[in-house]
Amino acid sequence: MKRVQPPSCPMEALLRVITGPWTIYILWVLSEQGPQRFGALKRLVPGISTRVLTERLRMLEHAGVVWREQAMTIPPAVTYGLTERGAELRGVLDTLGSIARRWEAEGAFVGTASAAE
């Protein structure tokens with residue numbers, strides 16, 4: 055049986071970029087704290103592994119949501135921040151945060167994976 059592909063949807067493509075593991079949290083930290091060196095960002099996202107943080111940042115950089123600047127020092131100082139495209143997400147993140155806090159207060163996450171985290 056031939057598998058039918060759904061029509062292309064720009065919103066679905068955007069959601070694929072921002073909903074990977076840890077991605078929303080990374081974007082929120084950069085939005086709230088401003089540009090961060092890699093080590094500082096890792097400390098601000100407790101529990102994330104170096105490998106996953108690196109993968110997420112590379113993906114976000116490739117999507118044009120995050121910029122990367124590397125100073126030629128030993129060891130290299132790498133800083134990440136939001137691009138204009140990334141900054142566009144601030145309002146969306148703020149709105150999602152407000153909704154999430156309200157739903158959490160109402161007990162909406164009881165029994166879900168979010169409640170255990």
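Residues 55 to 171, numbered by our numbering, are exactly what the sequence shown covers, in order. For each residue, glycine too, the CB sits at the ideal point set by N, CA and C.
Inset, instruction - Compute the distance between the beta-carbons of Arg-105 and Ala-131, then report whether it is under 9 Å. - result: Taking 9 Å as the Cβ cut-off, Arg-105 and Ala-131 do not qualify as a contacting pair.
Legend entry - Beta-ladder partner(s) of Trp-121, from DSSP: Bridge partners of Trp-121: Gly-135.
Legend entry - Cα-Cα separation between Gly-74 and Ile-128, rounded to whole angstroms: Take the alpha-carbon of Gly-74 and the one of Ile-128: they are about 32 Å apart.
Inset, instruction - Give a yes or no on contact between the region 103-122 and the region 148-164, applying the rule of three or more CB pairs nearer than 8 Å. - result: In short, these stretches do not touch, since the Cβ pair count stays below three.
Legend entry - Span separating the alpha-carbon of Glu-123 from that of Val-58: Near 42 Å, if we compare the C-alpha coordinates of Val-58 and Glu-123.
Inset, instruction - Below 8 Å on the Cβ atoms is my guess for Val-119 versus Leu-136; work out the distance and round it to an integer in Å. - result: Right, their Cβ atoms sit about 7 Å apart.
Legend entry - Gly-93, buried or exposed, once every other Cβ within 10 Å from all chains shown has been counted against 16: Its Cβ having fewer than 16 others within 10 Å, Gly-93 is exposed.
Legend entry - Sequence-distant residues of its chain with Cβ nearer than 8 Å to Ala-241 (five each side left out): Only positions 55 to 171 of the chain appear in this structure, which leaves residue 241 out of reach.
Legend entry - Where Leu-143 falls, given that 16 or more other Cβ within 10 Å makes a residue buried: Note on Leu-143: 16 or more other CB atoms within 10 angstroms of its CB, so buried under the neighbour-count rule.
Legend entry - Span separating the alpha-carbon of Ala-162 from that of Leu-69: In this structure, the straight-line span from the alpha carbon of Ala-162 to that of Leu-69 is close to 22 Å.
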